[in-house]
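Asks: Mind having a look at this structure? Questions to follow.
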Amino acid sequence: MQFKDLPIQKKLLRIVFLINGTVLLVTCVTFFLYEYYIFRKSIVEKLSTIGKIISANSSAALAFDSPDDAKEILSAIKTEPDIVAAYLYDKDGTLFAQYNAGSEKPIFPAELEARGYRFVHSRLEGFEPVMQDNRQLGTLYLKSHLGALYNRLRLYGLIVATVLMLSFVLTYVLVRILKNGISAPILSLAKTALIVSEKQDYSIRAVKMGKDELGSLTDAFNHMLDQIQEQNQSLKEFTQTLEQKVSERTRQLESVNKELEGFSYSVSHDLRAPLRAIIGFTAILEEDYTSKLDEEAMRITTVIKNNSAKMGQLIDDLLAFSRISRQDIAKTQINMTSIVNEVKDDLATQYDISKIQWAIQPLPTITANTNLIRQVWVNLISNAVKYSSKKDDPYIEIGSFLKDKQTAFFVRDNGVGFDQKYSDKLFKVFQRLHKTEDYEGTGIGLALVEKIVARQGGDVWADAEPGKGACFYFSLPV
Amino acid sequence: MRQDRVDLLLVEDNAYDAELTIRHLKKNNMANNLFHVKDGEEALEFIFATGRFADQRDLMQRPKIILLDIQMPKISGIEVLQKIKEDPRTQSIPVVILTSSKEDPDIQKCYALGANSYIVKPVNFESFAEAIVNLGFYWLLLNQPPLDKP
Chain A
854 MQFKDLPIQK
864 KLLRIVFLIN
874 GTVLLVTCVT
884 FFLYEYYIFR
894 KSIVEKLSTI
904 GKIISANSSA
914 ALAFDSPDDA
924 KEILSAIKTE
934 PDIVAAYLYD
944 KDGTLFAQYN
954 AGSEKPIFPA
964 ELEARGYRFV
974 HSRLEGFEPV
984 MQDNRQLGTL
994 YLKSHLGALY
1004 NRLRLYGLIV
1014 ATVLMLSFVL
1024 TYVLVRILKN
1034 GISAPILSLA
1044 KTALIVSEKQ
1054 DYSIRAVKMG
1064 KDELGSLTDA
1074 FNHMLDQIQE
1084 QNQSLKEFTQ
1094 TLEQKVSERT
1104 RQLESVNKEL
1114 EGFSYSVSHD
1124 LRAPLRAIIG
1134 FTAILEEDYT
1144 SKLDEEAMRI
1154 TTVIKNNSAK
1164 MGQLIDDLLA
1174 FSRISRQDIA
1184 KTQINMTSIV
1194 NEVKDDLATQ
1204 YDISKIQWAI
1214 QPLPTITANT
1224 NLIRQVWVNL
1234 ISNAVKYSSK
1244 KDDPYIEIGS
1254 FLKDKQTAFF
1264 VRDNGVGFDQ
1274 KYSDKLFKVF
1284 QRLHKTEDYE
1294 GTGIGLALVE
1304 KIVARQGGDV
1314 WADAEPGKGA
1324 CFYFSLPV
Chain B
-14 MRQDRVDLLL
-4 VEDNAYDAEL
6 TIRHLKKNNM
16 ANNLFHVKDG
26 EEALEFIFAT
36 GRFADQRDLM
46 QRPKIILLDI
56 QMPKISGIEV
66 LQKIKEDPRT
76 QSIPVVILTS
86 SKEDPDIQKC
96 YALGANSYIV
106 KPVNFESFAE
116 AIVNLGFYWL
126 LLNQPPLDKP
């Protein structure tokens, strides 16, 4: 785990330990080294002093050439357990007397040197000239082991180790006791934040524990919660108001719809009755009073009947048109090819489609309302049939393609076509670009198509050439 | 005056619709035993031999078919239908509902109440006439009526 991911308390602990440890270590090592240096110096001084004393004492033995005396003087060294060897040489460099402590193997210096002490391997050795009246009578060689030094060092090492350990323990204890000052507020804040977000309860507030930066953080945190609570509240109120408005609006719409439904029903019923009478009685005239009606009168009755029939058709179409907006749109998967074929077969009962050459491409399946889509096909295909009925070789093509993320379908005929520049009027209610005498129709069919397709999120358009034919397109979202 | 046997009872408030219907039935020789009442009240009195028909009618001489217009003032067609189908004596009389619009919200109700058939009065007279004649032919000639006696 990376340091930055450790919990705060562990971080604190490690930092304090690190600092503590480093500081202590540096201090101890410094002292250690200092002591070592000082102690070495003192050892050298001590040996040097002993050397001086012994050389002074041995000058008489050398002067009087008395090795036994010299040996006796040397042997006094044994009171100094650190000194392991003392060799006295005369002025020619010959060994005059020697002292070897205990089990130490005598190792004689290779050559005699002038006065001086030095550390060699793990020994301190030195040369002290024996003088008398400024004449060198000989040289004293001393060798001391560093036992004392090593003991000292060991002692110091032990002290350092103990101090370090104690301080670690102390640090740990103190950190544990004092951590609350730093980490407690942080942990408390973190915990509060966690609870707030888990329970989504924005009424909880964090406890401020001090006036330091954490205190300001706690204040800021609490302030944020205040704001959130407030915003939540106003959001809730707003949603409620909105819901109220929506349900009110829905109620209004529903009642308007109901009114419209009732209205359409009465319209259809009440408009149709007199129409029935007009048509029926005109028929009576035609049938029962034929003898009393001349040609012109018969023509007039025909006009009356035709116009009444047209009015009936208009009533039906208008009602169908208004019904579209009131319907719920239930969408299902629609097999366009089968619907087109159904419509084509249905049309065969109304129109003579035997002469028509059909080219129906395979059509994709889409999701939409079956009845409405069927209505679209009925209108478009019956239009194509109607407007190509006067051609000798009527030809109707039906297909589909992709356009702008929608599936587009088209019905193309080679009929009478229309003038392209009026094409946007085509889809309006009651707009017709041809005369009723030439092609029957009420002018609602295409408006119905446009309304249905628009309601499902699609588009309609058309292009044509007078005399050559027309192509009507509608697209639906995929 | 005792009524002659009535085979077809036409309940229609619209005088013109009635006239057209009767005229066409006459043309096809189906209007011999036809009676026309102009509203629901008269229809019920006729069927149940009450009110103005108390002495004139024998309830058990039931018509072979009742053509019943739905939209009528005062007592509506639905009420008449209900009363006819509720009474065990008149239950079995076939009732054909006439309406001027196929969006009539009452169509389900009519079938639920026991209407035998439901016909839209088309605007186009030819179709209307044809429907009437088919009706007459079917119910007056083809269909086997329930027995007169209970």
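Chains as they are written, first to last, in our numbering: chain A, 854 to 1331; chain B, -14 to 135.
Every residue, glycine too, gets a C-beta built ideally from N, C-alpha and C.
Since the model is a prediction, treat every value here as computed from it, not as a measurement.
In chain A, what lies closer than 8 angstroms to asparagine 14(B) by C-beta?
Replies: Result: empty, since nearest Cβ-Cβ is about 16 angstroms, beyond 8 angstroms.
Asks: May I ask you to list, following chain order, the residues of the stretch -3 to 21 of chain B that have a beta carbon less than 7 angstroms from some beta carbon of chain A?
Replies: Cβ contacts with chain A come from Asn(-1), Tyr1, Asp2, Leu5 and Arg8.
Asks: Between serine 85(B) and chain A, is the shortest Cβ-Cβ distance under 8 angstroms, so that the two count as touching?
Replies: Yes, serine 85(B) counts as interfacial toward chain A.
Asks: Helix, strand or coil for alanine 100(B) per DSSP?
Replies: Correct three-state label for alanine 100(B): coil.
Asks: Once you ignore the five residues that flank glutamate 154(B) on each side, which residues in its own chain have a CB closer than 7 angstroms to its CB?
Replies: Because chain B spans -14 through 135 in this model, residue 154(B) falls outside it and cannot be assessed.
Asks: Is there a Cβ from chain B that is less than 8 angstroms from the Cβ of isoleucine 1137(A)?
Replies: Cβ-Cβ to chain B under 8 angstroms: yes for isoleucine 1137(A).
Asks: Along the chain, where does the beta strand (DSSP E) containing arginine 976(A) start, and where does it finish?
Replies: Where arginine 976(A) is concerned, the enclosing beta strand (DSSP E) stretches over 976 to 985.
Asks: Using a Cβ cut-off of 7 angstroms, pull out every chain B residue sitting near glycine 1165(A), in sequence order please.
Replies: Result: Val108 and Asn109.
Asks: According to DSSP, isoleucine 50(B) sits in a beta bridge with which residue or residues?
Replies: Looking at the DSSP assignment, isoleucine 50(B) forms a beta bridge with Leu(-7)(B).
Asks: Under 7 angstroms between beta-carbons, which chain A residues line up against phenylalanine 33(B)? List them in chain order, please.
Replies: Going along chain A, no residue has its Cβ under 7 angstroms from phenylalanine 33(B), so there is no contact; the nearest lies around 28 angstroms.
Asks: Curious, which full-length alpha helix (DSSP H) runs of at least 4 residues does the stretch 21 to 46 of chain B contain?
Replies: DSSP runs (the alpha helix (DSSP H)) wholly in the stretch 21 to 46 of chain B: 25 to 33.
Asks: If we call anything under 8 angstroms between Cβ atoms a contact, is serine 1121(A) one with leucine 1088(A)?
Replies: No, they are not a contact pair.
Asks: Would phenylalanine 1128(A) pass as an interface residue toward chain B - the criterion being a Cβ-Cβ separation below 8 angstroms?
Replies: According to the sequence displayed, residue 1128(A) carries leucine and not phenylalanine. Leucine 1128(A) counts as touching chain B.
Asks: Kindly list the residues whose CB is nearer than 8 angstroms to the CB of asparagine 1232(A), restricted to its own chain and excluding five residues on each side of it in sequence; keep chain order.
Replies: Cβ within range, chain order: Gly1298, Leu1299, Leu1301 and Val1302.
Asks: For serine 77(B), collect the residues of the same chain with a Cβ closer than 6 angstroms to its Cβ; drop the 5 residues on either side in sequence, then sort them by chain order.
Replies: Once the five neighbours on either side are set aside, the close Cβ partners of serine 77(B) are Pro131.
Asks: Is it the case that the Cβ atoms of leucine 1286(A) and phenylalanine 1263(A) are separated by a distance below 8 angstroms?
Replies: Their beta carbons are not under 8 angstroms apart, which means leucine 1286(A) does not touch phenylalanine 1263(A) by this criterion.
Asks: Could you check which residue in Leu877(A), Ser901(A) and Ile1251(A) has the C-alpha nearest to that of serine 1020(A)?
Replies: Looking at the Cα atoms, Leu877(A) is the closest of the given residues.
Asks: Should arginine 1125(A) be flagged as near chain D, meaning a C-beta pair shorter than 8 angstroms?
Replies: Annotation note: the requested chain D is absent from the structure, which comprises protein chains A and B.
Asks: Compare the beta carbon distance of leucine 1006(A) and serine 975(A) with 8 angstroms and say whether it is the shorter of the two.
Replies: Contact: no.
Asks: For histidine 1076(A), is the classification buried or exposed, using 16 other Cβ atoms within 10 angstroms of its Cβ as the cut-off for buried?
Replies: It counts as exposed.
Asks: Residues of chain A with CB under 7 angstroms from glutamine 56(B), in chain order?
Replies: What glutamine 56(B) touches in chain A: His1122.
Asks: Assuming lysine 1244(A) contacts asparagine 1267(A) (C-beta within less than 8 angstroms), just tell me the rounded distance between them.
Replies: Going by Cβ atoms, the distance from lysine 1244(A) to asparagine 1267(A) rounds to 6 angstroms, so yes, they are a contact pair.
Asks: Here's the rule: buried if 16 or more other CB atoms are within 10 angstroms of the residue's CB, otherwise exposed. What is tyrosine 1003(A)?
Replies: Label assigned to tyrosine 1003(A): exposed.
Asks: Can you confirm whether alanine 1150(A), when its beta carbon is compared against all beta carbons of chain B, has any partner nearer than 8 angstroms?
Replies: Answer no: the Cβ-Cβ gap between alanine 1150(A) and chain B never drops below 8 angstroms.
Asks: When you compare the CB positions of asparagine 128(B) and proline 48(B), do they come within less than 8 angstroms of one another, or not?
Replies: No, these two residues do not count as a Cβ contact at 8 angstroms.
Asks: Could you give the DSSP three-state label for phenylalanine 1254(A): helix, strand or coil?
Replies: Reduced to three states, the DSSP call for phenylalanine 1254(A) is strand.
Asks: Look up alanine 963(A) in the DSSP assignment and say whether it is helix, strand or coil.
Replies: Residue state, collapsed to three classes: coil.
Asks: Span of the alpha helix (DSSP H) holding leucine 1047(A)?
Replies: Residues 1036 to 1052.
Asks: Taking the alpha carbon of valine 879(A) as the point to measure from, which residue in Leu1017(A), Glu898(A), Asp986(A) and Pro1217(A) has its own alpha carbon closest?
Replies: With distances taken between Cα atoms, valine 879(A) lies closest to Leu1017(A).
Asks: Assess, as a yes-or-no matter, whether the stretch 941 to 961 of chain A is touched by the stretch 861 to 868 of chain A under the definition of 3 or more beta carbon pairs within less than 8 angstroms.
Replies: Output reads no: the stretch 941 to 961 of chain A does not touch the stretch 861 to 868 of chain A.
Asks: Between isoleucine 69(B) and lysine 94(B), which are expected to be in contact by the criterion C-beta below 8 angstroms, what is the C-beta distance as a whole number of angstroms?
Replies: That belief does not hold up - the Cβ atoms of isoleucine 69(B) and lysine 94(B) are roughly 14 angstroms apart, past 8 angstroms.
Asks: How far does the beta strand (DSSP E) with valine 1313(A) in it reach, from first residue to last?
Replies: Segment 1312 to 1318, the beta strand (DSSP E) holding valine 1313(A).
Asks: Given a threshold of 16 other Cβ atoms within 10 Å of its Cβ, counted over all protein chains shown, does serine 1056(A) qualify as buried or as exposed?
Replies: That one is exposed.
Asks: Among all the DSSP beta bridges, which residues are the ones paired with lysine 996(A)?
Replies: For lysine 996(A), which the question treats as bridged, DSSP gives the partners Ala938(A) and Glu978(A).
Asks: Identify each residue in the stretch 110 to 128 of chain B for which the Cβ-Cβ distance to at least one residue of chain A is less than 9 angstroms, and report them in chain order.
Replies: Taking 9 angstroms as the Cβ-Cβ cut-off against chain A, the residues of the stretch 110 to 128 of chain B that qualify are Phe110, Glu111, Phe113 and Ala114.
Asks: Are the beta-carbon atoms of asparagine 18(B) and arginine -10(B) separated by less than 8 angstroms?
Replies: Going by C-beta atoms, asparagine 18(B) is nearer than 8 angstroms to arginine -10(B).
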